[in-house]
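The next block holds one structure in the form of structure tokens; read it before the comments.
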Amino acid sequence: MKKSILLIFVMIAVWSCDVLEVEPKSSIEASTAFKNKEDVNKGILGAYSYFQAFSYYGRSNVIFPDLAADNLSHPIGATASEYREIANNNILPENGSVGGMWNIMYGGINVANNVIAKVPGIENMTDAEKNAALGELYFIRALNHFNLLNYFGAVPIKVMPTVGVGNLDAPRDPVDQVYSQIINDLVFASDNLSASGNKIRTSKYAAKALLARVFLYKGDYAQAVTLATDVIDNGGYTLLGNYADVFAADQSSESIFEIYFSQTERNRIAEYNFPTSLNGRREVEPSANLLAAYETGDSRYAASIAFAGTSAYAIKYDDLSLGADNVIVLRLADVYLIRAEAEANKTAPNIAAIQSDINKIRLRAQLLPTSESSVAQLQRIIEKERRIEFAFEGHRWFDLVRTGRAIAVLPNVNNVNQTLFPIPSDEIQTNKHPGMTQNPGY
1 MKKSILLIFV MIAVWSCDVL EVEPKSSIEA STAFKNKEDV NKGILGAYSY FQAFSYYGRS
61 NVIFPDLAAD NLSHPIGATA SEYREIANNN ILPENGSVGG MWNIMYGGIN VANNVIAKVP
121 GIENMTDAEK NAALGELYFI RALNHFNLLN YFGAVPIKVM PTVGVGNLDA PRDPVDQVYS
181 QIINDLVFAS DNLSASGNKI RTSKYAAKAL LARVFLYKGD YAQAVTLATD VIDNGGYTLL
241 GNYADVFAAD QSSESIFEIY FSQTERNRIA EYNFPTSLNG RREVEPSANL LAAYETGDSR
301 YAASIAFAGT SAYAIKYDDL SLGADNVIVL RLADVYLIRA EAEANKTAPN IAAIQSDINK
361 IRLRAQLLPT SESSVAQLQR IIEKERRIEF AFEGHRWFDL VRTGRAIAVL PNVNNVNQTL
421 FPIPSDEIQT NKHPGMTQNP GY
């Protein structure tokens, strides 16, 4: 049974047509909304609540990275044309689902920024409490910026609250600057948060795990190895012995950070994956290519995929009636494979260490360990293990893009322009800054 938590209400920030035009809306005036640490906590919960949106971890951000890659397909008879564009890697700037992601990510950033601006003036909070509150908010801001970066490339960095009609038009900041902001936020979070067994709010080691992922994506492999090792050795997380148990209950010992859902704050992941015969929408289905990629005896197959007749469907998130299963953002298996991949990309890689991390994942899946010693082959093994281990969790597209493998692997990706999603047309039309430009090819 899920445990009840405080009802989340967003005290500030709803977005309008221009995502950067975010005006506070509340029954409480923005100037008086934050008076004590209880108000700050409610504001933090409001910032977390943006992750629950259907346009975010409530559906799109879990499905789209597998649909744009080769783990999911858009089946015959499915009705969502916006999903078909993503499956075909032929996305229009007018795609409303992509625009929804952009809007909700910046909405979450703006809520975080509004609360950040209030924290220093709260009188009944110690400096340590203020820094811990800021650590959570910086983590939230960093995760939103990181997701924006991975979909769209250079994006506006937002670290000041947008209120009223000021501060609306903003340029796209260079990728390196976006990475620097994300890293700075996560370093602060990891320095000022404590370790915690509560997986639906961030913690010291959740910040470090996300930072390890950021450094891997950025290509700073030594830093990725160091941080991943810290999380593995000191975070207190353990790999579950049975892969299916990772998704059987919320907040397992393997989970590091997850998005809370309940019957009142539901997700629609199962609805879009399940077949119509089971009252789902079946807008996506596991690709034939993915089904063929599983090795015989891999326990992850039955834990990830079910069949209605001959039709396969994803079952990691299977609460069709309530949509109340939490969505995992960070888990220990990812940290092991982050460390393995980062080590494999170092100038003088430790082959035994790479094999050891890979084999923790393979042995848990009831597969034979690898004894491969070629670095190039180990990199391909890691790529495949990540594909299978995180199928239907929203990793595959980013893995192929960041490693430069998308064009070689995906038949519908023919040029580098397709490896970024288009900036939503509403943003291009309403953001008047000359530095707000469309991605090439759109």
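Residue 357 in the UniProt record's numbering sits at position 357 of the sequence shown, with consecutive numbering throughout.
Glycine residues also receive a C-beta, built at the ideal position from the N, C-alpha and C atoms.
Note that the structure is predicted; figures quoted are calculated from it, not measured.
- When DSSP reads this structure, Asp173 sits in a beta bridge with Val155.
- For Tyr313, the secondary structure class from DSSP, reduced to helix, strand or coil, is strand.
- Per DSSP, reduced to three states, the secondary structure at Ile256 is strand.
- Val98 places its beta carbon 7 Å or farther from that of Gly43.
- Membership of Arg331 in any alpha helix (DSSP H) is not indicated; the residue belongs instead to the beta strand (DSSP E) covering 327-331.
- Ala47 is a Cβ neighbour of Ile140, given a cutoff of 7 Å.
- According to the DSSP assignment, Ile381 belongs to the alpha helix (DSSP H) that extends over 375-389.
- The C-alpha of Lys208 lies about 8 Å from the C-alpha of Ala228.
- Taking one beta carbon from each stretch, the segment 295-306 and the segment 180-198 have fewer than 3 pairs nearer than 8 Å; the two do not touch.
- For Ala306, the beta-bridge partners assigned by DSSP are Tyr313.
- The Cβ-Cβ distance between Arg331 and Ser255 falls below 7 Å.
- In terms of CA proximity to Asp176, Ala154 leads the group Leu186, Leu168, Lys158, Ala154.
- For the 7 Å CB-CB criterion, Tyr317 and Ala270 form a contact.
- Per DSSP, reduced to three states, the secondary structure at Ser73 is strand.
- With at least 16 other beta carbons inside 10 angstroms of its own, Met101 counts as buried.
- In chain order, Tyr50, Ala53, Ser55, Tyr56 place their CB closer than 7 Å to the CB of Ile104, counting only its own chain and leaving out the 5 sequence neighbours on each side.
- In the structure shown, Glu285 falls within a strand segment according to DSSP collapsed to helix, strand and coil.
- As the crow flies, the alpha-carbon of Leu240 is around 27 Å from that of Asn147.
- Pairing Pro349 with Val375 gives a Cβ-Cβ distance under 7 Å.
- Rounded to whole angstroms, Met436 and Tyr138 show a C-alpha spacing of 24 Å.
- Under the three-state reduction of DSSP, His395 is assigned to coil, being neither helix nor strand.
- Selection Phe247, Glu383, Asn95, Val111 evaluated against Ile354 yields Glu383 as nearest (Cα-Cα).
- Relative to Ile361, the option among Asn131, Gly121, Ala333 whose CA is nearest is Ala333.
- In the same chain as Lys432, and ignoring 5 residues on each side of it, the C-beta atoms closer than 6 Å to its own belong to Asp169, in chain order.
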